[in-house]
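Worksheet: the structure to be examined is printed underneath.
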Ligand SMILES: Nc1ncnc2c1ncn2[C@@H]1O[C@H](COP(=O)(O)OP(=O)(O)OP(=O)(O)O)[C@@H](O)[C@H]1O
Ligand SMILES: [Mg+2]
């Protein structure tokens, strides 16, 4: 018959035991009930012979102790440890084999009630001499009748599990609360920004409509054309803002669907480059095509890739007055790298961390010289990440800016169908 515990296990358990003892003493600790820990095993009569008890232990390897019960009352406890220590001494068997088990049993085991508090049970069990600390306890019901056995080892292990779960849950709840607060703050900042941004073009349009009305009333129609075109610009800006906000709302709600197909990436880049040239028609800025001569096909969402490149290219066109804008596709075995580099105003180091925040047009809001909603890059970054890509940029103030998009996908090559510029 094996001894109950080896020393290593016993040391570890002892440590767990102390941790659990400290923990259960805390007022807010969640405690297992004695009733849920008790195991109802069939008790033995105190006059059963030691040999028969040894056989019973042998047939029940999962049981570490049997209670001895007489008239429903516990009168002792025999543990596997005690029995094996007594029987396997030199004359043990001859001495005890034919004797009643009550001769070897503990006559004063710890008896606890099903409604006792775990903390008092642990204290009583731990205050025993070190060698008895793991002996099982006997559980009785509210009337003092035998109910079951409580394994101290099980108690420590299960309460430790519970302790770990409670701590994990607390840490998780704290993290979730912090995250929720962060999102709430961001949302309220976002809403106050939106309100401000929406009001500005609406006020402009009202002001211009009043001017037109005034001009009509006074018969001075010279400036009406100018007012109308200013009003059109404000309305166009407002539409771009509303579209961007709707895009963001869809992203936030996770309603932006990805439609993957295989498409000609080279053609998309070239078309974005051509659309950019229209924006540059009154500027001294050239576009440069540095895409491979073969057409590159990738599997992704073509509409979103186009939107990403358009947003970046529109920024390049907006913030570049002289020089050139280079469109480039590079590839590795499992990556496609798109870049758009300009020789524009560049972005100051201190402004770079603000770039992907909503409404963050770099520089003072009142001194902005360029039209825009300040949402383009926020949306672009979301879209890139939605397609499992990464968005980077490098910029030097006064020299220029390069935006780089990396998609993890295997490119395929085909001879160019139509010869674009
Ligand atoms: N290529 C660039 N060169 C210099 N500054 C840039 C460039 N791209 C972006 N920025 C800076 O980052 C800011 C944010 O860009 P973003 O595209 O998000 O907004 P926007 O272009 O101002 O408005 P929109 O929502 O209409 O795109 C810009 O206002 C500008 O200050
Ligand atoms: Mg933009």
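Residue numbers (this note's numbering): 3 to 423.
Glycine included, each C-beta is placed from N, C-alpha and C at the ideal position.
Computed from a prediction, not measured in an experiment: that's the story for all the values here.
Assumed close pair residue i, residue j - CB separation to whole angstroms, cut-off 8 angstroms
i           : j           : result
residue 78  : residue 108 : 6 angstroms
residue 264 : residue 301 : 5 angstroms
residue 328 : residue 290 : 4 angstroms
residue 404 : residue 341 : 6 angstroms
residue 138 : residue 81  : 7 angstroms
residue 331 : residue 246 : 26 angstroms between Cβ atoms; not a contact.
residue 132 : residue 22  : Actually they are not in contact, since the Cβ atoms of residue 132 and residue 22 sit about 17 angstroms apart, beyond 8 angstroms.
residue 255 : residue 158 : That pair is no contact at about 48 angstroms.
residue 120 : residue 34  : 6 angstroms
residue 26  : residue 124 : 6 angstroms
residue 258 : residue 388 : 7 angstroms
When the options are compared against residue i, the one with the closest alpha-carbon
i           : options               : result
residue 113 : 169, 318, 71 and 133  : 71
residue 326 : 334, 301, 279 and 302 : 279
residue 390 : 398, 341 and 303      : 303
residue 67  : 106, 124 and 411      : 106
residue 204 : 239, 229, 315 and 175 : 239
residue 101 : 136, 73 and 54        : 54
residue 128 : 320, 97 and 24        : 24
residue 250 : 232, 262, 210 and 193 : 193
residue 359 : 375, 344 and 26       : 375
residue 284 : 307, 320 and 271      : 320
residue 195 : 234, 244 and 337      : 244
residue 295 : 96, 417, 266 and 410  : 417
residue 406 : 343, 32 and 14        : 343
residue 43  : 28, 52 and 65         : 65
residue 337 : 411, 312, 306 and 198 : 411
residue 233 : 212, 310, 262 and 334 : 212
residue 286 : 339, 73, 346 and 307  : 346
residue 14  : 83, 99, 155 and 31    : 155
residue 275 : 163, 318, 186 and 116 : 318
residue 153 : 171, 117, 39 and 176  : 39
residue 339 : 324, 377, 271 and 277 : 271
residue 307 : 334, 273 and 322      : 273
residue 20  : 180, 126 and 73       : 126
Cβ-based neighbour list, residue i, same chain, cut-off 7 angstroms, excluding 5 preceding and 5 following
i           : result
residue 414 : 299
residue 69  : 45, 76, 79, 140, 148 and 151
residue 367 : At residue 367 the pLDDT is 42, less than 50, meaning the model places this residue with poor confidence; the figure from the coordinates comes in the next sentence. So the list is empty, once near-sequence residues are dropped.
residue 241 : none
residue 226 : 214 and 217
residue 268 : 293, 297, 298 and 331
residue 88  : 94, 98 and 106
residue 142 : 76, 113, 115, 148 and 149
residue 399 : 348, 349 and 350
Any non-hydrogen atom of ligand 1 within 7 angstroms of residue i CB
i           : result
residue 246 : yes
residue 416 : no
residue 249 : no
residue 328 : no
residue 285 : no
residue 242 : yes
residue 376 : yes
residue 321 : yes
residue 403 : yes
residue 336 : no
residue 344 : yes
residue 357 : yes
Nonlocal neighbours in the same chain, by C-beta distance under 6 angstroms from residue i, ignoring five residues either side
i           : result
residue 384 : 253
residue 9   : Legend: pLDDT at residue 9 = 47, less than 50; position of this residue unreliable, no value from coordinates given.
residue 236 : 203, 206 and 207
residue 103 : 50, 52, 55 and 80
residue 165 : 25
Residue i beta carbon near ligand 2 (any heavy atom closer than 7 angstroms)
i           : result
residue 348 : no
residue 281 : no
residue 379 : yes
residue 316 : yes
residue 224 : no
residue 239 : no
residue 313 : yes
Close Cβ partners of residue i (< 8 angstroms) along its chain, the five nearest in sequence each way excluded
i           : result
residue 357 : 349, 364, 379 and 395
residue 397 : 348, 349, 354, 403 and 404
residue 16  : 135
residue 392 : 386, 407 and 408
residue 32  : 164 and 168
residue 223 : 217
Closer than 7 angstroms: residue i CB and nearest ligand 4 heavy atom
i           : result
residue 200 : In terms of ligand content, the structure shown lacks ligand 4 and carries ligand 1 and ligand 2 instead.
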